[in-house]
Amino acid sequence: MTAQSRWPVAILFATCLSSSFVSSAPAQPNSAAPKPGPAVMLGDYVSAFNEGDAKKLAAFWTEDAVWTDTQTGEQTVGRGAIEQRFAEFFAANPRASLAGTADTVRDITPNVATIDGTAALYMPGAEPVGSRFSAVAVKVGDAWRLSKVDESDLPTPTSAGEALKELEFLVGRWVDESSADVTVETNCRWGAGGSFLVRSYVISAEGEEPRQGTQVIGYDPLTKGVRSWNFDSDGSFGEGSWTRDGDVLIGRLTQTLADGSLAAATQIIERDGDDALSVRMIGREVDGEPAPSGPAVRVTRAADQPTNDQ
Numbered sequence: 041m042t043a044q045s046r047w048p049v050a051i052l053f054a055t056c057l058s059s060s061f062v063s064s065a066p067a068q069p070n071s072a073a074p075k076p077g078p079a080v081m082l083g084d085y086v087s088a089f090n091e092g093d094a095k096k097l098a099a100f101w102t103e104d105a106v107w108t109d110t111q112t113g114e115q116t117v118g119r120g121a122i123e124q125r126f127a128e129f130f131a132a133n134p135r136a137s138l139a140g141t142a143d144t145v146r147d148i149t150p151n152v153a154t155i156d157g158t159a160a161l162y163m164p165g166a167e168p169v170g171s172r173f174s175a176v177a178v179k180v181g182d183a184w185r186l187s188k189v190d191e192s193d194l195p196t197p198t199s200a201g202e203a204l205k206e207l208e209f210l211v212g213r214w215v216d217e218s219s220a221d222v223t224v225e226t227n228c229r230w231g232a233g234g235s236f237l238v239r240s241y242v243i244s245a246e247g248e249e250p251r252q253g254t255q256v257i258g259y260d261p262l263t264k265g266v267r268s269w270n271f272d273s274d275g276s277f278g279e280g281s282w283t284r285d286g287d288v289l290i291g292r293l294t295q296t297l298a299d300g301s302l303a304a305a306t307q308i309i310e311r312d313g314d315d316a317l318s319v320r321m322i323g324r325e326v327d328g329e330p331a332p333s334g335p336a337v338r339v340t341r342a343a344d345q346p347t348n349d350q
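Under the numbering used here, think of the first position of the sequence shown as 41, with each following residue one higher.
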């Protein structure tokens, strides 16, 4: 594999690094390998909603599921009633779309997990409607299903900077030297006004001109989730959206390459203390074709740190 063929991996890796953040759940000692199942189920659920398929959407719920609007006390009980509710909604709002973020996922037992997160409903000609949800998911066979969901209005944070405070540990210089011929170095700082984090990265590959890029990390006030946008010196660009599963960060990333190809991957990032991260990539694709996934890499904080204006 040439250095050039690895660059889509390096670019996506650089994108994911600066979006790592600390879970609000306490760290679990001697934890097992990351299990993104419930959070991935949520992503699939959002996709089904955006297809407008009430039957497919209802299949994500258990037969006796309970969906409660805690503001009004209204309950929808049972998969059949939930399917009917969605069918009526899609008939009246065929262009509605949904975005969702899992803020925390906690394993209660091997077959039961809780999910706390936020969602935003988009409909043409109307302001987006945000909500917060708490869900209980159960494992049925090999699949996760929603057993109980409580939904309420979404509180508005005082500022974007406050919402990004849990990302502040990323400020500084980070280096990945896990490959003998590719090095990724990043400098992360707060942008003017403290509402965004801005990263500059350099990807150096043996025998190639260095690649440089900039990434902006922001807080989406509609979905109450972390998003990222990156721009590379060769003209490629991409974005990512991020969810958490316990202490693990899961990023769904896309990158439009300079030749027009579309790269995509899911990044799984686990924080290892204050000065290191373990990062692995799964589900890599280029133009819809599967691509090999690399091994987990270790990224460390550099001893010499930049000043705030670097």
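Backbone N, C-alpha and C define an ideal beta-carbon position, used for all residues, glycine too.
With burial defined as no fewer than 16 other Cβ atoms inside 10 Å of the residue's Cβ, what is the status of T149: buried or exposed?
The residue in question, T149, is exposed, as its Cβ has fewer than 16 Cβ neighbours within 10 Å.
Per DSSP, M321 forms a beta bridge with which residues?
Answer by DSSP bridge pairing, in chain order: Q307.
Limits of the unbroken alpha helix (DSSP H) element including F271:
Taken as a continuous stretch (DSSP letters only), F271 belongs to no alpha helix (DSSP H), being part of the beta strand (DSSP E) at G265 to D272.
Nearest CA to the CA of Y162: which residue from T154, D156, G181 and R135?
Nearest C-alpha to Y162: R135.
Integer-rounded CB distance, given that V337 should sit under 8 Å from D216:
About 6 Å; that satisfies the 8 Å criterion.
Residue burial classification, S281 (beta-carbon count within 10 angstroms, cutoff 16):
It is buried - the Cβ of S281 has at least 16 other Cβ atoms within 10 Å.
Examine the ligand HEM and report whether any of its heavy atoms sits within less than 7 Å of the Cβ of S199.
In terms of ligand content, the structure shown is empty, and the ligand HEM therefore cannot be addressed.
Suppose you measure from the CA of F209 to the CA of D93; what does that come to, to the nearest Å?
In this structure, the CA atom of F209 is about 41 Å from the CA atom of D93.
Touching or not, the region 171-178 and the region 186-195, by the rule of three or more beta carbon pairs under 8 Å?
Contact between the region 171-178 and the region 186-195 is present, because at least three Cβ pairs lie under 8 Å.
Tell me whether V224 is buried or exposed, calling it buried when 16 or more other Cβ atoms sit within 10 Å of its Cβ.
By the C-beta density criterion, V224 is buried, having at least 16 other C-beta atoms within 10 angstroms.
C-alpha gap between A160 and L293, whole angstroms
In a straight line, the C-alpha of A160 is about 20 Å away from that of L293.
Relative to the C-alpha of A139, which candidate in G323, I322, G265 and G300 has its C-alpha closest?
The option with the nearest alpha carbon to A139 is G265.
To which residues of the same chain is G77 closer than 7 Å at the C-beta, ignoring the five residues directly before and after it?
Hits under 7 Å: W184.
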